[in-house]
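Everything on this sheet refers to the single structure shown next.
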Amino acid sequence: MADTEAHWYVAHTYSGYENKVKMDIEKTIENRNLQDQIFEVSVPMLNVVEEKKDEQKTVQKKMFPAYVLINMIMNDDTWYVVRNTRGVTGFVGPGSKPVPLTDAEMASMGLKVDAPNVPFTIGDSVLVKSGVWEGTTGIVRKIDHEERMVTISIDIFGRETPTELSFNDVEAV
1 MADTEAHWYV AHTYSGYENK VKMDIEKTIE NRNLQDQIFE VSVPMLNVVE
51 EKKDEQKTVQ KKMFPAYVLI NMIMNDDTWY VVRNTRGVTG FVGPGSKPVP
101 LTDAEMASMG LKVDAPNVPF TIGDSVLVKS GVWEGTTGIV RKIDHEERMV
151 TISIDIFGRE TPTELSFNDV EAV
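For the sequence shown, UniProt numbering assigns the number 1 to the initial residue and increments by one for each residue that follows.
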C-alpha cells in the first residue's frame with residue numbers, strides 16, 4: 001500500500017463530525033510527527049446567501065457533507081491513522097483500497113489545483129505572440145494564476161496602458 005507521492009484522498013465520516021474528524025487527525029499528525037506524510041486536512045466550505053425575514057445573510061455550508069479531504073502520502077501508518085480516527089467510517093474507493101482524486105476532479109470542485117508554471121514574473125518584459133497587440137512588448141504588472149491571465153503595461157502614444165491577456169498570448173523576452 002506504500003506510495004511515495006502525496007495525493008488527495010476522501011474520507012467518509014459520520015454526518016456532522018467533519019470538523020471534529022479534521023481536528024482529531026491534525027492532533028494525531030502532531031502527536032505522531034506525521035507532518036511529512038499527511039500535509040493537509042480539509043473540510044471544504046461554500047459561502048451561501050440565505051434570506052430570512054427580508055434579511056440577507058451569508059453563511060458557510062459544507063461543500064461535501066460527511067466527507068473530509070486529506071492530502072497525504074498513502075502508506076500503512078497514514079492509512080491506519082485516518083481509518084482509526086473516531087468518526088471516520090472509511091475511505092472513498094472500492095473495498096478497503098483508497099483511491100486518490102485526480103487533478104481533473106480537484107479542478108472541477110474548485111479545489112487546490114497547482115498554479116501553472118509561467119516563465120515570467122511581475123516586472124519582466126514579455127512579447128505579445130497573438131491578437132491585436134501581436135509583436136508588442138510590455139511589462140508584467142499582475143499575474144492571475146487562477147484565471148490564467150496576465151496584465152501587462154503597453155506603451156501606446158507615450159502612455160502606459162494596462163492590457164489583460166491569456167498566458168498563451170505572451171512569452172518572456
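Quick reminder that beta carbons are idealized off the backbone N, C-alpha and C, glycines included.
Bear in mind that the values here come from a model prediction, so they are computed numbers and not experimental data.
- For Asp144, the uninterrupted beta strand (DSSP E) run begins and ends at Thr137 to Asp144, by DSSP.
- Between the C-alpha atoms of Met72 and Thr137 there is a straight-line separation of about 43 Å.
- When rounded, the separation of the alpha-carbon atoms in Phe157 and Val128 is 18 Å.
- DSSP lists Ala11 as the beta-bridge partner residues of Phe91.
- In the structure shown, Ile25 adopts helical secondary structure according to DSSP, grouped into three states.
- According to the DSSP assignment, Arg83 belongs to the alpha helix (DSSP H) that extends over Asp76 to Arg83.
- Annotation: the continuous beta strand (DSSP E) that includes Glu40 extends over Ile38 to Ser42.
- In the structure shown, Ser130 falls within a coil segment according to DSSP collapsed to helix, strand and coil.
- The Cβ neighbour count for Val49, taken over all protein chains shown within 10 Å, is under 16; the residue is labelled exposed.
- Under DSSP, no beta-bridge partner is assigned to Tyr17.
- Assignment of Asp169 by DSSP, reduced to helix, strand and coil, places it in the helix class.
- Around the beta carbon of Ala11, a 10 Å sphere encloses 16 or more other beta carbons of the protein chains shown; the residue is thus reported as buried.
- With contacts defined as CB atoms closer than 8 Å, Gly90 and Arg83 qualify as a contacting pair.
- By the CB criterion at 8 Å, Asn47 and Gln60 fall inside the cutoff.
- 8 Å or more divides the Cβ of Arg141 from the Cβ of Ile154.
- Per DSSP, the continuous alpha helix (DSSP H) segment holding Glu105 begins and ends at Asp103 to Ser108.
- By the CB criterion at 8 Å, Tyr14 and Gly87 fall inside the cutoff.
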